[in-house]
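Counting along the sequence shown from 1, when you hit position 650 you're at 658 in the working numbering, and nothing is skipped either side. The C-beta atom is built at its ideal place from N, Cα and C for all residues, glycine as well. The structure displayed is predicted, hence computed values, not measured ones. One structure is given below, encoded as structure tokens.
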Amino acid sequence: MNLVIVESPTKAKTIQRFLPSGEFIVKSSFGHVRDLPRKELGVDIENGFKPKYVVPMLARKKVTDLKKSLQKSDKVILATDEDREGEAIAWHLEEALALKKNKKQTERIVFHEITKNAINEALKNPRQIDMSLVDAQQARRILDRIVGYQISPFLWKKVAKGLSAGRVQSVAVRLIVEREREILAFVPEEYWTISAFLKKKGTLPEEAFEASLIKKDGEAITKLGIKSQKEADEILEKLGGAQYKVAKIESKESHRYPSPPFTTSTLQQDAAKKLGFSAKQTMQIAQQLYEGVELGSEGSIGLISYMRTDSQNLAKEALIQIRQAITAKFGPEYLPEKEIFYKTKSKGAQEAHEAIRPTDIGQEPEAIKNFLTPHQFKLYRLIWKRTLACQMNPAVLSLTAVDIKAESEKSPSFEPEGSQSLNGLTPLSKGGYGSVYTFRSNGTQIKFDGFLKVYENKVSEVSLPSLSEGEDLDLEKISPDQHFTEPPARFSEAMLIKTLEENGIGRPSTYAPTISTIVERNYTQKNEQKRFFPTEIGFTVNDILVEHFPQIVDLNFTAKMEEELDEIAEGQKKWQPVMEEFYAPFKENLDKKYKEVKQQKAEPEPTDKICPECNSPIVIRTSRFGKFYACSNFPKCRHTENIKSDTGMPCPKCVEGQVIERRTKRGKIFFGCSLYPKCDFASWDKPTGQKCPRCGSFMVVDKKGNEKCGNKECKNKE
9 MNLVIVESPT KAKTIQRFLP SGEFIVKSSF GHVRDLPRKE LGVDIENGFK
59 PKYVVPMLAR KKVTDLKKSL QKSDKVILAT DEDREGEAIA WHLEEALALK
109 KNKKQTERIV FHEITKNAIN EALKNPRQID MSLVDAQQAR RILDRIVGYQ
159 ISPFLWKKVA KGLSAGRVQS VAVRLIVERE REILAFVPEE YWTISAFLKK
209 KGTLPEEAFE ASLIKKDGEA ITKLGIKSQK EADEILEKLG GAQYKVAKIE
259 SKESHRYPSP PFTTSTLQQD AAKKLGFSAK QTMQIAQQLY EGVELGSEGS
309 IGLISYMRTD SQNLAKEALI QIRQAITAKF GPEYLPEKEI FYKTKSKGAQ
359 EAHEAIRPTD IGQEPEAIKN FLTPHQFKLY RLIWKRTLAC QMNPAVLSLT
409 AVDIKAESEK SPSFEPEGSQ SLNGLTPLSK GGYGSVYTFR SNGTQIKFDG
459 FLKVYENKVS EVSLPSLSEG EDLDLEKISP DQHFTEPPAR FSEAMLIKTL
509 EENGIGRPST YAPTISTIVE RNYTQKNEQK RFFPTEIGFT VNDILVEHFP
559 QIVDLNFTAK MEEELDEIAE GQKKWQPVME EFYAPFKENL DKKYKEVKQQ
609 KAEPEPTDKI CPECNSPIVI RTSRFGKFYA CSNFPKCRHT ENIKSDTGMP
659 CPKCVEGQVI ERRTKRGKIF FGCSLYPKCD FASWDKPTGQ KCPRCGSFMV
709 VDKKGNEKCG NKECKNKE
């Protein structure tokens, strides 16, 4: 009997279907079976950074069960995921189960997708555990442990209990803090734009088209070129009696090409933009699709290839299948002559891996919709469409640019017969010279939709009337518009992941956990538009790290460490020397800062409130979750209260109390009644103060800014 070990029960169930039950039994390890201990550093720094691995409490029963299965097996096949994390799990299994010690025949297999062909092919090509990949994962784990476990106590002593620092998470927080400071320092500038609505002579007003002012006397008007209403009004006055004539028409053909197939990063970005999924949510759903979904009589089927990847490659067999599907579904005109190959731009990308794609492009989303959850369906459809689109012909656009000159009797073109001109400008009766203003109107038409047939990529078509150069036009109206420059946008999850990837920070497996960590630890929060902003404690911790541990939050240094981890994975470097090179200056600086840096704990803020338990004054203290009320007689009295943020709305349940913003023990914001515990009203979404017109319950605003009924049984979504 062959014992195959994978990480999850779902993956085990899917793979078992493809293997003869009399020859193979597939078991799950339920993830990691060994890790560093939680309550200590667990790294012997003086002994070559030797890690002290333990079997966590939750994994002990599983290890015992696997050892029992070993007794009935002749061979063990480790079939964990193909990335560094999966390789490390395979090695930990080998160690925890004492496979070498017991001289148990052991093989390691890897595959990009969970299909019968992929599993059988992997079984034909077993290998040994790749210790370079294991060492790269070990180095990352130990590096993160040292930074977290040695800087965090520094923060506890100097700032506040419960704070933590992390190697990659601190860089992400720094990006968010610096963006927030840019926004706070931003001073908006006023500027104006002018649009003319023009039409062919003899046509109706509704047939007018818009043209924007772009030049004055041949000189381009910059974005901030018209700075005030006074300047705009002066131009409008000059344009009042102007004649409008088509000066130039330029037409050209443009091609819009499809995007590459998904990597982990681009899938998370697109799922955030198009589906509103968080990075964590996207990875959870993708894992379900990868490991297998029950499709009725077909059983458990792995629907997509491995979801942690930075490669844009597609397997040759997949490309053949995709091209056949394009021809069958859309026709030969949508199929390029040759396959399209994409070059991965991500730093440290592993080209041997594949992009994320359906395991069978013939498995159309609509055909299996009834077997999927709504979220599974949406994500699978997104992957399916992107995969088809990446091998389709480009869209062909027809672009037209029309320049219109606005000339009045004061303009140089209108030169009275026999008058004298100076440098081409006509003298005016009032002693001035006129100006020529140029407006431009752009038209876009889709000539051939190409990949847009399957993958939505917004192209706004703008139709222009048939015009000729030299043609006179009538002005329907002229419209000045006031604007103000805007500060840089706060990071969304998609923007933050893209920025981390572009700077070489983190790898496919780290983006989602990094984002989850900085939110869970209350260093950042999200506003109603799902944009990150730093909390007060986030500002404080970031500033301390930037001032005293600049390397830890330096983008270039963190990217360099990622490159070194890649070199370890490729067998080009040994992991211990890399650790030593990092640790010596890090420890020297840490010891120095313990002596130099004064305690920066925030002093309690006095209030006029009295403690209900001991009658001592109440003060405002700061924790990692922000500010809260606490008894000044601490630790003798441990009374605390949330600082309640009143929304100004009556409680929709009891009506007597007010809806206030509160926090859970983990710092998550929710809305409750001010009369709690007398009234137990609570909602994650903010009530609007309005009643649902369908069921009479209360309306709320969800995290996307959409109004809906707070009653889960009511389907009203305005």
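Checklist entry - When the Cα of M9 is compared with those of A147, S16, A577, G30, which residue comes out closest? => result Within the sequence shown, the letter at position 1 stands for residue 9. It is G30.
Item to check | C-beta contact flag for G300 and T123 at 8 Å | outcome: Counting from 1 along the sequence shown, the entry for residue 300 is found at position 292. Counting from 1 along the sequence shown, the entry for residue 123 is found at position 115. No; because the gap between Cβ atoms is not below 8 Å, this pair is not in contact.
Next on the checklist: Check for me: the alpha helix (DSSP H) holding P593 runs from which residue to which?
Outcome noted: On the sequence shown, position 585 is the one that residue 593 refers to. Looking at the DSSP string, the run of the alpha helix (DSSP H) that includes P593 is 583-604.
Checklist entry - Does the Cβ of Q177 have 16 or more other Cβ atoms within 10 Å, making it buried, or fewer, making it exposed? => result Here residue 177 is taken as the residue at index 169 of the sequence shown, counted from 1. Buried, by the Cβ-count rule.
Checklist entry - Among K60, R42, D143, E258, which residue has its Cα nearest to the Cα of R448? => result Counting from 1 along the sequence shown, the entry for residue 448 is found at position 440. That would be E258, whose Cα lies nearest to the Cα of R448.
Item to check | Segment contact flag, the stretch 244-253 with the stretch 290-298, C-beta cutoff 8 Å, min 3 pairs | outcome: no
Item to check | Residue nearest to V63 in terms of C-alpha spacing, selected from F38, Q79, S77, K80 | outcome: Numbered from its first residue, the sequence shown carries residue 63 at position 55. Checking every option, the nearest Cα to that of V63 belongs to F38.
Next on the checklist: So the candidates are C717, G451, R702; which of them puts its Cα closest to the Cα of V709?
Outcome noted: Here residue 709 is taken as the residue at index 701 of the sequence shown, counted from 1. Checked all of C717, G451, R702; the closest Cα to V709 is C717.
Next on the checklist: Could you check whether A20 and H40 sit closer than 8 Å to each other, using their CB atoms as the reference points?
Outcome noted: On the sequence shown, residue 40 is found 32 positions in, with the first residue counted as 1. On the sequence shown, residue 20 is found 12 positions in, with the first residue counted as 1. Not closer than 8 Å, so no.
Checklist entry - Going along the chain, which unbroken runs of the beta strand (DSSP E) with 3 or more residues stay wholly within the stretch 642-681? => result 648-650, 653-658, 666-671, 677-681
Checklist entry - Curious, which full-length beta strand (DSSP E) runs of at least 3 residues does the stretch 188-246 contain? => result 198-208, 217-224
Item to check | Chain-order list of residues whose beta-carbon lies under 8 Å from that of E425 (same chain, five-residue window excluded) | outcome: By one-based count along the sequence shown, residue 425 stands at place 417. Reliability fails at E425, whose pLDDT of 39 lies under 50, so the model's placement of it is uncertain and no value is given.
Checklist entry - DSSP state of A375, grouped into three classes? => result Taking the first residue of the sequence shown as 1, we reach residue 375 at position 367. Residue state, collapsed to three classes: helix.
Next on the checklist: Pop quiz: S4 and P612 are said to be a contact at Cβ under 8 Å. What is the actual Cβ separation, rounded to whole angstroms?
Outcome noted: As displayed, the chain neither begins before 9 nor continues past 726, which places residue 4 out of reach and without an answer.
Item to check | Neighbour-count burial assignment, H2, 16 or more Cβ in a 10 Å radius | outcome: Shown here, the chain extends from 9 to 726; a query on residue 2 therefore has no answer.
Checklist entry - What do you get for M65, buried or exposed, if any count of 16 or more other CB atoms within 10 angstroms of its CB means buried? => result The residue you call residue 65 lines up with position 57 of the sequence shown. It is exposed - the Cβ of M65 has fewer than 16 other Cβ atoms within 10 Å.
Item to check | Through-space distance from G339 to G310, alpha-carbon basis | outcome: Taking the first residue of the sequence shown as position 1, residue 310 is located at position 302. Taking the first residue of the sequence shown as position 1, residue 339 is located at position 331. Using only the alpha carbons, I get a separation of about 28 Å.
Next on the checklist: Can you look up D489 in the DSSP assignment and give me helix, strand or coil?
Outcome noted: Looking up residue 489 in the sequence shown gives position 481. Reduced to three states, the DSSP call for D489 is strand.
Item to check | G451 - partner residues in DSSP beta bridges | outcome: Counted from its first residue, the sequence shown places residue 451 at position 443. Beta-bridge pairing links G451 to T408.
Item to check | Cβ-Cβ distance between E317 and A363 below 8 Å | outcome: To locate residue 317, count along the sequence shown from 1; it is residue 309. To locate residue 363, count along the sequence shown from 1; it is residue 355. Residue identity differs from the one stated: residue 317 is Thr in this sequence, not Glu. Contact flag set, yes.
Checklist entry - DSSP on H40, reduced to helix/strand/coil? => result Residue mapping note: residue 40 aligns to position 32 of the sequence shown, counting from 1. In the structure shown, H40 sits in coil (DSSP, three-state: anything other than H, G, I, E or B).
Item to check | Contact test: A279 Cβ vs the ligand ZN heavy atom, cutoff 7 Å | outcome: Among the components of this structure there are no ligands whatsoever, and the ligand ZN is therefore not found.
Item to check | Under 8 Å between C-beta atoms of I85 and L11 | outcome: Sequence index remark: in the sequence shown, residue 85 carries index 77 (1-based). Sequence index remark: in the sequence shown, residue 11 carries index 3 (1-based). In contact: I85 and L11 (Cβ atoms closer than 8 Å).
Item to check | Exposure label - W692; buried when at least 16 CB within 10 Å | outcome: One-based indexing of the sequence shown puts residue 692 at position 684. It is exposed - the Cβ of W692 has fewer than 16 other Cβ atoms within 10 Å.
Checklist entry - Which residues bound the beta strand (DSSP E) around A255? => result Translated into positions along the sequence shown, residue 255 becomes position 247. Run containing A255: 251-264, per the beta strand (DSSP E) assignment.
Checklist entry - Buried or exposed: where does H361 fall if 16 or more other Cβ atoms within 10 Å of its Cβ makes it buried? => result As a working mapping, residue 361 is identified with position 353 in the sequence shown. Buried.
Item to check | Cβ neighbours of P45 in the same chain (closer than 6 Å, five flanking residues each side left out) | outcome: Indexing the sequence shown from 1 puts residue 45 at position 37. If we look at P45 and ignore the five residues flanking it on each side, its Cβ neighbours are V62.
Checklist entry - Among H491, H556, A126, I505, which residue has its Cα nearest to the Cα of T290? => result As a working mapping, residue 290 is identified with position 282 in the sequence shown. Checking every option, the nearest Cα to that of T290 belongs to I505.
Checklist entry - Name the DSSP bridge partner or partners of Q113? => result Within the sequence shown, residue 113 is the residue found at index 105, counting from 1. DSSP, once it has assigned bridges, lists K83 as partnering Q113.
Next on the checklist: Taking 8 Å as the threshold (C-beta atoms), are Y388 and I330 in contact?
Outcome noted: Residue 330 sits at position 322 when you count from the first residue of the sequence shown. Residue 388 sits at position 380 when you count from the first residue of the sequence shown. Taking 8 Å as the Cβ cut-off, I330 and Y388 do not qualify as a contacting pair.
Item to check | Opening and closing residue of the alpha helix (DSSP H) in which D143 lies | outcome: Here residue 143 corresponds to residue number 135 of the sequence shown, with the count starting at 1. Where D143 is concerned, the enclosing alpha helix (DSSP H) stretches over 139-166.
Next on the checklist: Distance check for L508 and G304, CA to CA, integer angstroms please.
Outcome noted: Start at 1 with the first residue of the sequence shown, and residue 304 comes out as number 296. Start at 1 with the first residue of the sequence shown, and residue 508 comes out as number 500. The straight-line gap from Cα to Cα measures roughly 41 Å.
Next on the checklist: Starting from V549, trace the alpha helix (DSSP H) in both directions and tell me its first and last residue.
Outcome noted: Taking the first residue of the sequence shown as 1, we reach residue 549 at position 541. It spans 544-556 - the alpha helix (DSSP H) in which V549 sits, taken as one unbroken run.
Item to check | Uninterrupted alpha helix (DSSP H) stretches inside the stretch 259-299 (no shorter than 4 residues) | outcome: 272-283, 287-299
Item to check | According to DSSP, residues forming a beta bridge with A104 | outcome: Here residue 104 is taken as the residue at index 96 of the sequence shown, counted from 1. In the DSSP output, where bridge partners are listed per residue, A104 has none listed.
Checklist entry - With a CB to CB cut of under 7 Å and the five nearest residues on each side skipped, what residues in its chain are close to K231? => result Reading the sequence shown from its first residue, position 223 is the one you call residue 231. Hits under 7 Å: Y199.
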